[in-house]
Amino acid sequence: MTRPLKVADREKTAERLLNSSADKFYDPEVDIDWAAPLVDGLRYTPEHRCSLYGTPLWDRMSEDQRIELSKHEIASIASVGLWFEILLMQMLLKEVYRSDPTTMHVQYALTEIADECRHSTMFARMVDKIGCPPYGPPAHVHRLGRLLPVIGYGPALYGSILVAEEVLDRLQRETMADETVQPLVRMVNRIHVLEEARHVRFAREEVVRGMATVSKAELPYQRWLLATVAMFITRSIINPKAYKAVGLDAAEAHRAALGNPAWQETIRWSGERIMKFLDEVGLVGKPGTRAWRRSFLLP
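Under UniProt numbering, the first residue of the sequence shown is numbered 1, with each subsequent residue one higher.
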């Protein structure tokens, strides 16, 4: 059910976020020990968060093959995250381009862009360090992504940012506390979680502010765009090429993952907080309902 949420003062929020950015700041180039060796026998994601966990395919895999799959899945997740952060930066720069650069709001947007540049570099270095390709999303999704900075605006723009950030954020919070996971992956997740908390606050308030003025005629487009982007994000997190890299049939494994109740539940679990928020502000509903269900974020 839609209910009105309080719209915070934009400049005051930006000032608080700028102060927080100055106070809590990581530089992955110096704060991560990139020379440290990977630890034999440790996973790259929690076992129960692997996309094939609980399937007959998983049961037939050796322990080494399962660990190797977790490595290629984290490489896929990180490179898809990198791809979306590049889109995010384009969208934020579009907003900055047409706004007053002397406002704290725009200055925080520029600060967030700087954060995302570092995060993208960090993800790229991690993928290289663990010895995997930068999978990114499937080719057709990569091509469609070029449209988002053009057609994305208003609350759906910031809502799309939130879906990508908050789904990954919940997975990363669990991973960074799991001692069965590689220390490098845990540290990368820890840095990203800390700095993304500011980005989430910024985007949530922009969604609330945008929904306060969106017209009834405009609302269906905003709902459709957000649901469609969310569907492409969640269904692209694991590139099918990751399965081929560990000796599985890519098409068969991809179908098994998409039909896997455990993987669908992982996506729903990771999106619980953001879906509650988006429903409260009125961005979940027709004509986007089918896409939300295909995203696994709604049952």
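The C-beta atom is built at its ideal place from N, Cα and C for all residues, glycine as well. As the structure is a prediction and not an experimental result, all values here were calculated from the model.
Original post:
Can you tell me whether DSSP reads R98 as helix, strand or coil?
Top reply: coil
Original post:
Under the three-state reduction of DSSP, which class applies to H48: helix, strand or coil?
Top reply: helix
Original post:
Taking DSSP as the reference, what is the three-state secondary structure of V39?
Top reply: coil
Original post:
G247: which of W263, E85, W58 and F296 sits nearest, CA to CA?
Top reply: W58
**OP:** Grab the span of the alpha helix (DSSP H) containing Q182 for me, first residue to last.
**Re:** No alpha helix (DSSP H) holds Q182; DSSP gives it neither H nor E.
**OP:** Take D27 as the anchor and find which of M187, A256, F202 and I267 has the nearest alpha-carbon.
**Re:** M187
Subject >> Residue of D178, Y108 and A291 minimising C-alpha distance to V200 >> reply: Y108
Original post:
Who are the near neighbours of V96 in its chain, counting only those whose CB is closer than 7 Å to its CB and skipping five residues on each side?
Top reply: V106, A109 and L110
Original post:
What is the rounded straight-line gap between the Cα of V229 and the Cα of S160?
Top reply: 6 Å
Original post:
Does the distance from the C-beta atom of I274 to that of E166 stay below 8 Å?
Top reply: yes
Original post:
With burial defined as no fewer than 16 other Cβ atoms inside 10 Å of the residue's Cβ, what is the status of E85: buried or exposed?
Top reply: buried
Original post:
In chain order, what residues of the same chain lie with their CB nearer than 7 Å to the CB of S270, ignoring the 5 residues before and after it?
Top reply: V167, R170 and L171
Original post:
Going by Cα to Cα distance, which pick from S70, H48 and T45 is closest to K244?
Top reply: S70
**OP:** Sort R204, A35, P37 and E73 by Cα distance to G282 and report the nearest one.
**Re:** R204
**OP:** Please report the Cβ distance between G119 and W83, rounded to the nearest whole angstrom; I am assuming they are in contact, meaning their Cβ atoms lie under 8 Å.
**Re:** Checking the sequence shown, residue 119 turns out to be His, not Gly. With a Cβ gap of about 12 Å, H119 and W83 do not count as contacting.
**OP:** Please state whether DSSP places G288 in a helix, a strand or coil.
**Re:** coil
Subject >> Environment of L162 [buried if 16+ CB atoms lie within 10 Å] >> reply: buried
Original post:
When DSSP labels each residue in this structure, what does Y243 get in the three-state scheme?
Top reply: helix
Subject >> R173 versus R49: straight-line alpha-carbon distance, rounded >> reply: 12 Å
Subject >> Buried or exposed (CB count within 10 angstroms, at least 16 for buried), T102 >> reply: exposed
Subject >> Sufficient close CB pairs (3 or more, under 8 Å) joining the segment 289-297 to the segment 254-273 >> reply: yes
Subject >> Proximity winner among D9, A250, V214 and V185, relative to D33 (alpha-carbon distances) >> reply: V185
**OP:** Starting from the C-beta of A250, find all residues in its chain whose C-beta is less than 8 Å away, skip the five residues before and the five after it, and write them out in chain order.
**Re:** P240, K241, Y243 and K244
**OP:** Would you decide whether G288 is buried or exposed? Buried here means 16 or more other CB atoms lie within 10 Å of its CB.
**Re:** buried
Subject >> Of the listed residues S76, T121, A156 and E179, nearest to C132 (C-alpha basis) >> reply: S76
Original post:
Can you tell me where the alpha helix (DSSP H) with M122 in it begins and where it stops?
Top reply: M104 to K129
Subject >> Cβ neighbour criterion (16 or more within 10 Å) applied to S236 >> reply: buried
Subject >> Coarse secondary structure for R146, derived from DSSP in three states >> reply: coil
Original post:
According to the neighbour-count rule (16 or more other Cβ atoms, all chains shown, within 10 Å of its Cβ), is G259 buried or exposed?
Top reply: exposed
Subject >> DSSP-derived helix/strand/coil call for A212 >> reply: coil
Subject >> Buried versus exposed, by CB contacts within 10 Å (16 or more), I151 >> reply: exposed
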